[in-house]
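Written out below as structure tokens is the structure these notes cover.
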Amino acid sequence: MTKTEKLWWQEAVVYQLYPRSFADANGDGRGDFEGIRSHLDYLRDLGIDAIWMSPCFPSPQRDHGYDVADYFDVEPTYGTLDDFDRLVADAKARKIRIMLDIVPNHCSSDHAWFQAALKAAPGSPERARFWFRDGKGPNGDEPPNNWRAIFGGPAWTRVTEADGSPGQWYEHTFTPWQPDFNWYNHDVLDYFDRMLVFWFDRGVDGIRVDAVPVLGKHPDMPDSPPAPPGLTDGQQWRYNIYGHFYPTAHDVWKRWRTVIDDYERTHPGRHLVTISESYGPPEELLRYMQGDEFHQSFAFDLMLITWLAAPIRAAITDSLDMLASVGGAPAWTLNNHDTQRIVTRLGRLNANDPAAWTGNNLLYVDAPIDLELGRRRARAAVTLAAALPGALYLYQGEELGLEEVLDMPDQAREDPLFIRSNGKELGRDGCRVPLPWTTDATTSYGFSPAPVAPWLPQPKDWADLSAERQVADPQSMLAWYRTVLAHRPLLSGDLQWVDTDLPECVAFERDGALILANVGPDAIELPAELVSGRSLILASQPDATMQLVPSDTCVWMSPAH
Ligand code: BGC
């Protein structure tokens with residue numbers, strides 16, 4: 000490969016698949032590998048290059064897979080390792096690569112190592128793989144420090160020792176069922192080295208790495224400096240500079256990169272990608288992307304900002320400038336399994352009020368929601384995001400224009416964030432509702448093969464949003480996603496901003512092609528000098544013309560000739 004040729008992931012369209020909610024083939028109300036396999040043609044026709052699967056390892060599912068009980072096997076309710084291999088092979092046959100979701104910060108409390116640590120004595124090698132500490136106070140009955148867990152409560156849980164006495168405490172960034180690994184421990188380092196190779200040998204071409212900033216911990220575990228008052232536990236995590244962000248984590252990422260680079264060297268033709276999940280400003284993301292750690296880091300800003308031209312432009316510029324300094328390729332994203340769906344976010348009638356945006360993917364300032372407006376804006380948003388240089392990460396169901404399910408009954412909710420915060424935080428169940436494949440409500444809209452309750456209830460009116468209905472409708476969101484993704488290869492070259500003086504307009508060129516989004520409430524008349532000699536490639540609303548771009552609409556035009 001020459002230097003100028005791009006690696007597959009630099010411009011890939013990657014589809015985040017949440018296995019529990021994608022498709023259920025065995026009729027237990029939860030998704031599985033066979034379900035995924037049966038819809039691979041759908042994914043091929045959508046025009047994706049890779050699937051990133053949220054964790055599919057054995058797990059008690061208390062955080063739906065982000066609590067891994069064994070990193071060398073697959074979740075039995077999803078299938079067997081043979082089923083997994085078949086899925087990888089069948090995806091490859093359709094030119095779709097598979098990426099896995101690796102959770103290094105913590106495992107499940109069901110993991111054999113943690114179970115062994117509970118049985119072992121204080122100071123034992125078994126406990127050294129985690130963060131066990133004596134408590135404070137005369138009887139050790141206060142947590143070892145003031146750290147809070149992101150999903151609520153203290154970041155420490157006390158154990159009962161083998162003799163029945165109250166014992167040490169162990170640290171957990173999220174829930175007590177997700178004990179944090181001690182990444183200074185060599186068993187942990189070696190275990191993950193082996194695990195990466197195990198999955199690469201099975202044909203996996205990349206990994207999304209979970210919760211990257213929280214892995215680095217000060218080895219002495221001092222108290223965290225106080226966070227500003229009034230924040231929830233979940234919001235306080237950024238202030239815990241000793242429990243997260245500690246720079247020794249970079250040694251771990253560098254080690255992984257060595258494993259990956261060695262794998263590529265010894266397996267000619269294999270090109271692997273690592274992408275880090277880290278919420279933070281560009282300068283923070285940059286620390287992971289100096290060429291010897293991650294290949295990519297999600298650019299989350301488009302998912303977190305208000306629907307106004309200036310912040311959209313700034314989000315794009317900031318990511319591109321940051322990456323230019325390291326020669327990196329961005330990974331744009333509008334949705335994921337931790338964030339309210341874009342249709343709902345942008346359908347809020349305050350979506351273009353900067354004061355209504357918290358910059359936090361779990362926190363929204365409420366307002367009435369107009370789902371049709373949200374869908375119109377979502378169409379424009381993906382048309383814009385797909386035109387940017389770099390990779391595009393989609394989240395299952397966005398191609399169907401699904402909304403966030405907000406009115407789910409409390410007793411149906413399973414997200415530990417909802418449970419641990421006693422309902423103060425709504426949590427993320429609403430974006431994880433099983434997908435509607437057909438119009439048949441008796442089978443959960445084709446999610447399951449027979450009448451069976453899906454693990455989360457679906458809204459009563461999803462027949463119209465089903466894949467079956469949308470495939471047959473050329474105006475549907477699904478048809479639009481297919482169109483946009485099919486046209487993506489037409490765009491190449493760097494992004495050059497175009498100064499238009501038009502209100503609420505985001506405009507740029509790539510090799511002369513013009514991409515223009517009107518994110519304002521009024522139609523925009525385009526000046527003749529901007530459009531002369533061009534032709535319309537596509538427009539997110541059918542009534543857009545070369546002269547007039549309606550509100551909340553994005554158009555692509557050919558270079559002028
Ligand atoms: C994942 C969440 C998960 C958490 C704990 C996150 O960053 O995306 O879904 O609950 O890590 O693993």
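Numbering that gives the first Met the number 0 puts the first residue of the sequence shown at 0, with every later residue one more than the last.
Virtual Cβ for every residue (Gly too), placed ideally from N, Cα, C.
Could you give the first and the last residue of the continuous beta strand (DSSP E) run that contains residue i?
{"i": "residue 100", "result": "96-101"}
{"i": "residue 51", "result": "49-52"}
{"i": "residue 20", "result": "Not the beta strand (DSSP E): residue 20 falls in the alpha helix (DSSP H), residues 18-21."}
{"i": "residue 202", "result": "Counting along the chain, residue 202 falls outside any beta strand (DSSP E), and DSSP gives it neither H nor E."}
{"i": "residue 405", "result": "Segment: none, residue 405 is in no beta strand (DSSP E) and carries neither H nor E."}
{"i": "residue 296", "result": "295-298"}
{"i": "residue 259", "result": "Per DSSP, residue 259 belongs to no beta strand (DSSP E); it is in the alpha helix (DSSP H), 248-265."}
{"i": "residue 556", "result": "552-556"}
{"i": "residue 114", "result": "From DSSP, residue 114 is part of no beta strand (DSSP E) but of the alpha helix (DSSP H) over 111-118."}
{"i": "residue 509", "result": "504-509"}
CB residue i to CB residue j, shorter than 8 Å?
{"i": "residue 523", "j": "residue 501", "result": "yes"}
{"i": "residue 155", "j": "residue 195", "result": "no"}
{"i": "residue 419", "j": "residue 64", "result": "no"}
{"i": "residue 103", "j": "residue 272", "result": "no"}
{"i": "residue 347", "j": "residue 368", "result": "yes"}
{"i": "residue 400", "j": "residue 10", "result": "no"}
{"i": "residue 50", "j": "residue 101", "result": "no"}
{"i": "residue 350", "j": "residue 503", "result": "no"}
{"i": "residue 506", "j": "residue 556", "result": "no"}
{"i": "residue 181", "j": "residue 128", "result": "yes"}
{"i": "residue 403", "j": "residue 429", "result": "yes"}
{"i": "residue 366", "j": "residue 329", "result": "no"}
Ordered along the chain, which non-local residues of its own chain (more than five positions away) have a Cβ less than 7 Å from that of residue i?
{"i": "residue 457", "result": "432, 433, 435, 443 and 444"}
{"i": "residue 463", "result": "none"}
{"i": "residue 1", "result": "Bear in mind that a pLDDT of 46 at residue 1, under 50, signals an unreliable position, so the model cannot answer this."}
{"i": "residue 491", "result": "509 and 510"}
{"i": "residue 562", "result": "Because the chain in this structure spans residues 0 to 560, residue 562 falls outside the shown range and cannot be described."}
Report all residues from its chain with a CB closer than 6 Å to the CB of residue i; omit the five preceding and five following residues, and keep chain order.
{"i": "residue 551", "result": "375, 376 and 379"}
{"i": "residue 538", "result": "554"}
{"i": "residue 567", "result": "In the structure as shown, the chain starts at 0 and stops at 560, and residue 567 therefore has no counterpart that could be examined."}
{"i": "residue 110", "result": "68"}
{"i": "residue 5", "result": "none"}
{"i": "residue 131", "result": "167 and 169"}
{"i": "residue 372", "result": "346"}
Give the single residue among the options whose Cα lies nearest to the Cα of residue i.
{"i": "residue 211", "options": "279, 190 and 218", "result": "279"}
{"i": "residue 266", "options": "303, 242, 200 and 192", "result": "200"}
{"i": "residue 37", "options": "448, 528, 547 and 512", "result": "448"}
{"i": "residue 157", "options": "27, 141 and 107", "result": "141"}
{"i": "residue 223", "options": "242, 198 and 205", "result": "242"}
{"i": "residue 133", "options": "219, 188, 53 and 190", "result": "219"}
{"i": "residue 53", "options": "323, 515, 118 and 17", "result": "17"}
{"i": "residue 179", "options": "429, 116 and 426", "result": "116"}
{"i": "residue 203", "options": "270, 260 and 488", "result": "270"}
{"i": "residue 45", "options": "475, 57, 228 and 185", "result": "475"}
{"i": "residue 470", "options": "34, 40 and 8", "result": "40"}
{"i": "residue 466", "options": "113, 42, 392 and 7", "result": "42"}
{"i": "residue 482", "options": "429, 246 and 386", "result": "386"}
{"i": "residue 339", "options": "353, 360 and 58", "result": "360"}
{"i": "residue 108", "options": "58, 94, 121 and 76", "result": "58"}
{"i": "residue 215", "options": "185, 20, 303 and 251", "result": "251"}
Evaluate residue i with the Cβ neighbour count: other Cβ atoms within 10 Å of its Cβ, from every protein chain shown; 16 or more gives buried, anything less gives exposed.
{"i": "residue 281", "result": "buried"}
{"i": "residue 364", "result": "exposed"}
{"i": "residue 277", "result": "buried"}
{"i": "residue 27", "result": "exposed"}
{"i": "residue 205", "result": "buried"}
{"i": "residue 239", "result": "buried"}
{"i": "residue 301", "result": "buried"}
{"i": "residue 496", "result": "exposed"}
{"i": "residue 325", "result": "exposed"}
{"i": "residue 460", "result": "exposed"}
{"i": "residue 34", "result": "buried"}
{"i": "residue 498", "result": "exposed"}
{"i": "residue 410", "result": "exposed"}
{"i": "residue 225", "result": "exposed"}
{"i": "residue 229", "result": "exposed"}
Span of the alpha helix (DSSP H) holding residue i?
{"i": "residue 58", "result": "Residue 58 -> no alpha helix (DSSP H), and no H or E assigned at all."}
{"i": "residue 170", "result": "Element bounds for residue 170: not the alpha helix (DSSP H) but the beta strand (DSSP E), 165-170."}
{"i": "residue 469", "result": "466-470"}
{"i": "residue 274", "result": "That residue, residue 274, is in no alpha helix (DSSP H); its beta strand (DSSP E) goes 272-275."}
The ligand GDP and residue i: does any heavy atom of the ligand fall closer than 7 Å to the residue's C-beta?
{"i": "residue 402", "result": "No copy of the ligand GDP appears in this structure; the ligands present are the ligand BGC."}
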